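Using UniProt numbering, the first residue of the sequence shown is number 1, and each one after it goes up by one. Data first, discussion second: the structure below is written as structure tokens.
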Amino acid sequence: MSGGGRRPRRPGRRPGTADTRGEILAAARRVFAEKGFDKATIRGIAREAGVDPALLHHYFDNKEGMFVAAMELPADPSTVVPMLLAGPREEIGERIVRFILTMTADPAARERVLGVMRTAMVNEQAVGMIREFFGTAILGRVAEALGVPPLRAEAAFAQMFGVVMIRYILGMEPMASADIEELVALLAPVVQRYLDG
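Put into structure tokens, the structure is as follows:
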């Protein structure tokens with residue numbers, strides 16, 4: 001071996017790091033908080049974490065996946081958006097409503113969603129990140145794929161945001177204890193109308 005018997009350093013990892021993924025996530029949280037979702041970059045996060053950008057792609061497929069992991073969100077747009085768009089267009093309202101209500105019915109996922117909602121209501125930096133993330137990674141993609149004006153996609157999102165808030169934060173009855181299928185039947189046509197125009 002050359003260089004006094006030292007082994008060549010493996011690309012992307014610092015020597016002696018026990019939790020590289022955790023350190024990347026900590027760096028990602030700092031960069032997202034400082035720059036917001038849109039201006040944060042894979043290279044900037046890698047630089048903050050002191051690792052090769054390729055390592056970020058090893059742990060997270062893309063910036064959206066890293067944001068989901070860093071913010072501990074219960075769903076990744078790279079899997080959710082294609083799932084919502086799969087199937088007949090006239091049923092997308094139902095798919096959106098059922099997905100959100102089913103996801104938030106799981107206590108662990110619900111706590112993460114509610115944590116993000118509460119944070120967005122009181123923290124200006126967080127609200128900027130979350131707004132950019134949802135606007136770009138989820139609503140923007142759905143609106144573009146459906147050819148729907150952004151205002152209509154945001155109205156559909158606002159409808160479901162309000163339902164989750166009333167159901168789980170305010171705990172208003174009968175919404176709080178209503179059956180998921182009953183709510184799907186009630187809300188899906190409304191969301192569909194927003195998206196169909």
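Virtual Cβ for every residue (Gly too), placed ideally from N, Cα, C. Values in this document were obtained by computation on a predicted structure and should not be read as measured data.
Please list, in chain order, all residues of the same chain as residue i whose beta carbon is under 6 Å from its beta carbon, the five residues on each side excluded.
{"i": "methionine 1", "result": "Confidence at methionine 1 is low in this model, with a pLDDT of 47, below 50, so its placement is unreliable and no value can be given for it."}
{"i": "isoleucine 138", "result": "Pro77"}
{"i": "methionine 175", "result": "Ile166, Arg167"}
{"i": "phenylalanine 49", "result": "The residue asked about is misnamed: residue 49 is alanine in this sequence, not phenylalanine. Cβ within range, chain order: Glu23, Ile24, Ala27."}
{"i": "phenylalanine 99", "result": "none"}
{"i": "leucine 187", "result": "Val97"}
Residue i lies in the alpha helix (DSSP H); which residues open and close that run?
{"i": "leucine 151", "result": "150-164"}
{"i": "methionine 66", "result": "63-70"}
{"i": "serine 78", "result": "77-85"}
{"i": "glycine 93", "result": "92-105"}
{"i": "aspartate 38", "result": "20-39"}
{"i": "glycine 140", "result": "140-146"}
{"i": "glutamate 182", "result": "180-196"}
Going by the C-beta, is residue i closer than 7 Å to any heavy atom of the ligand GDP?
{"i": "proline 88", "result": "As for the ligand GDP, it is missing from this structure, which has no ligand bound."}
Could you name the residues of the same chain whose beta carbon sits closer than 8 Å to that of residue i, not counting the 5 residues immediately before and after it, in chain order?
{"i": "threonine 102", "result": "Ile180"}
{"i": "glycine 197", "result": "Val148, Pro149, Arg152"}
Within a Cβ cutoff of 7 Å, which residues of the same chain sit near residue i, ignoring the five residues on either side of it in sequence?
{"i": "arginine 21", "result": "Tyr59"}
Query - 4-residue-minimum alpha helix (DSSP H) runs that sit fully inside the segment 112-138, ordered along the chain - result: 124-133
Requested in this report: Count the CB pairs spanning the segment 163-175 and the segment 108-118 that are closer than 8 Å, and state whether there are at least three.
Outcome: yes
Query raised in the report: Where are the alpha helix (DSSP H) runs, 4 residues long or more, that stay fully inside the UniProt DNA-binding region "H-T-H motif" (41-60), in chain order?
Result: 42-49, 53-59
Requested in this report: Determine, using beta-carbon pairs with one atom in the segment 184-195 and one in the segment 92-99, whether at least three such pairs fall under 8 Å.
Outcome: yes
Requested in this report: Please confirm if the segment 156-163 is in contact with the segment 61-73, defined as three or more CB-CB distances below 8 Å between the two stretches.
Outcome: no
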